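Structure first, then comments.
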Amino acid sequence: MSNHVYRLTEVVGSSPTSVDDAIRTAVTKAAETVRNIEWFETQEVRGQVVDGDVAYYQVRLKLGFRVED
């Protein structure tokens with residue numbers, strides 16, 4: 256196994272459904288333009304409340320992607 260170097264980028268995913276869906280949305284969208292994403296770290300969870308109910312979830316993530324040799 257060789258040593259790897261990673262870069263970090265920060266993204267925010269959102270979903271009207273769940274925190275899980277917000278994370279998956281962020282990772283899937285980022286993977287369209289960033290190669291070698293290998294891990295994520297949840298930084299913050301927040302949401303929007305409308306009429307006393309949760310209307311939207313937002314999750315701020317750090318994505319780690321391997322720097323190519």
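Just add 255 to wherever you are in the sequence shown, counting from 1, and you've got our numbering.
Backbone N, C-alpha and C define an ideal beta-carbon position, used for all residues, glycine too.
Source: prediction; values computed, not measured.
Same chain only: Cβ atoms within 8 angstroms of Thr-297, ignoring 5 sequence neighbours per side: The beta carbon of Thr-297 sits closer than 8 angstroms to those of Ile-278, Val-314, Arg-315, Leu-316, all from its chain and outside the five residues before and after it, given in chain order.
Secondary structure of Arg-290, DSSP reduced to three states: coil
CB contact flag (Val-282, Phe-320, <8 angstroms): no
Boundaries of the beta strand (DSSP E) in which Val-260 is found, first to last residue: Premise fails: Val-260 is in no beta strand (DSSP E) and is neither H nor E.
Spatial distance of Ser-269 from Ala-286 (CA atoms): 16 angstroms
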